Each structure stands twice: as structure tokens, then as C-alpha cells.
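Structure first, commentary second.
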Amino acid sequence: MNKELNEVSAKFSNELEGFIHFAVGHLNAADAKKCVSKANSIKILRDGSLKLTDQLLAKYKKECESLCRLAHSQNEKHQELQKQYEILARQHSQLEGEALRLSARVADESSKNTGGSLCRFFCE
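For the sequence shown, the tail end lands on 128 under my numbering, and the numbers increase by one without skipping.
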């Protein structure tokens with residue numbers, strides 16, 4: 005159980021026991037019996053609450069660990085996709101540059117094969 009819960013539980017138990025001893029010493033037998041009965045009911049309720057709290061904390065811890073693993077996995081996937089994107093962007097840029105150079109070379113070769121520009125052909 006959580007350390008803080010143990011401390012609170014111990015303080016609560018001490019206060020409750022002190023109250024019971026005080027009440028029993030100052031009440032008649034019937035009222036003292038009712039007081040002890042109610043105090044025992046409170047102890048049972050406290051124990052159940054602490055058990056439930058402990059279970060919820062264990063469940064929270066397990067789910068938190070699971071979410072942390074999932075977040076870590078997603079982060080790794082994101083980083084891998086980011087690297088792939090950067091590689092593809094560089095490749096695209098290189099291919100685009102090569103396409104422009106090839107296009108210029110084809111245009112230059114075409115110009116040489118026709119003896120110049122079309123304007124020269126029509127102008128003569």
C-alpha cells in the first residue's frame with residue numbers, strides 16, 4: 005500500500021481508538037456499546053476504502069506504464085517517419101535538379117540539331 009495512505013490510516017486509527025476510549029469512559033453501557041459498534045463499522049468502511057484505493061492505484065500504475073510504453077513506441081515511429089520524410093525530400097530535390105539539368109541539355113541538343121532557334125528559320 006502507498007506510504008502516505010499507510011500514514012493516514014495509522015493516524016485515523018489512533019484518533020478513532022482515542023475517541024472510543026473517551027466515549028466508553030464517559031457514556032453509559034448501552035451508549036458505549038452503540039459507540040463501539042459504530043466505530044467498528046467505520047473501521048470496516050476505512051479498510052474497504054483503503055483496499056479499493058490500493059487497487060485503483062495499482063490499476064492506475066499499470067495503465068500509466070502501458071500508456072508510457074505506447075507513447076514511447078509512437079515517438080519512435082514518428083522519428084523514423086521523420087527521417088524517411090527527410091530522405092525522400094532530399095531525393096526529390098536531387099531528382100528535380102537532375103530533371104532540370106537533363107531538360108536544359110535536351111533543349112541545348114535540340115537547338116544544335118536544328119541549326120539554331122526557330123526564329124532564325126522563319127526570319128531568313
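By construction, the Cβ of each residue, glycine as well, lies at the ideal position given by its N, Cα and C atoms. Note that this is a predicted model, so its numbers are computed, not measured.
- For leucine 20, the enclosing alpha helix (DSSP H) stretches over residues 7-30.
- Contact between the region 46-53 and the region 72-92 is not established, with fewer than three Cβ pairs separated by less than 8 angstroms.
- Segment contact: the region 63-70 against the region 6-13, fewer than three CB-CB distances shorter than 8 angstroms; contact not assigned.
- Straight through space, the alpha carbons of valine 28 and asparagine 44 are spaced by roughly 13 angstroms.
- Taking C-alpha positions only, lysine 47 is separated from serine 41 by approximately 10 angstroms.
- Taking the Cα of lysine 7 as reference, the smallest distance to any Cα among Ala103, Leu61, Ile24 and Glu19 is reached at Leu61.
- Annotation for leucine 71: no residue places its beta carbon closer than 8 angstroms to its own, counting only its chain and skipping 5 residues before and after.
- Listed in chain order, the non-local C-beta contacts of leucine 31 below 7 angstroms within the same chain comprise Cys39, local neighbours out to five positions each way being set aside.
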